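See below for the structure under consideration.
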Amino acid sequence: MITYAFVTTFRGKIVGSQIVRKDRFIYTALGHWPHNINPNRENLFEKFGVDSCFLVVNERNKVVGYYAKPFDELWKIRFYEHPYEFDRPGWSQGQYVPSIYQKEFLKREYGLNNILTDYIYGDSLFKLLRNVQNPGWVVQYKTASRDTTSGP
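The opening position of the sequence shown corresponds to residue 5 in my numbering, with each subsequent residue numbered one higher.
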């Protein structure tokens, strides 16, 4: 449902991408695993103010996993209900893709042109990860409709 990738950009355009497993993406963003995408091994979630993303350690201070709640919410942007677990509601107004108004919202807020083929990356990704944890944002997204306050 979600593709994780390290993207390379040049002048604001994606020029390359490397598809990776979720674990590799999360551990690299947390600064736990080395990769040239995060050469200083910073905790990028902490740096960009994303809550609920952290390493899980045992009583001997050994890393035994991670917790990344915002990523578990991302499917809800695309789907009306979970595609495999039908008793879990999503936020989309369309069954398999967001409504036209939600698509406009995603383009305006995150620069996402096509939810099926485009990546959300960089500042937009961290903004989205912060927002999906905000109940007010969720209501705004779920009820997105034509903006009638901006004129015709």
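Don't be surprised by glycine CBs; every beta carbon is placed ideally from N, CA and C.
In this text the structure is predicted, and so the values were computed from the model without any measurement.
Which first and last residues belong to the beta strand (DSSP E) in which V54 is found?
-> Careful: V54 lies outside any beta strand (DSSP E) and carries neither H nor E.
Classify G115 as helix, strand or coil using the three-state DSSP reduction.
-> coil
By how many angstroms is the C-alpha of L34 removed from the C-alpha of R134?
-> 15 angstroms
Give me the Cα-Cα distance between P38 and Q99, rounded to the nearest whole angstrom.
-> 39 angstroms
Which listed residue (Y114, Y88, L48, W95) has its alpha carbon closest to that of P139 = W95
Mapping DSSP to helix, strand and coil, what is F10?
-> strand
May I have the straight-line CA-CA distance separating N40 from V101, to the nearest angstrom?
-> 34 angstroms
Three-state secondary structure assigned by DSSP to K66 = coil
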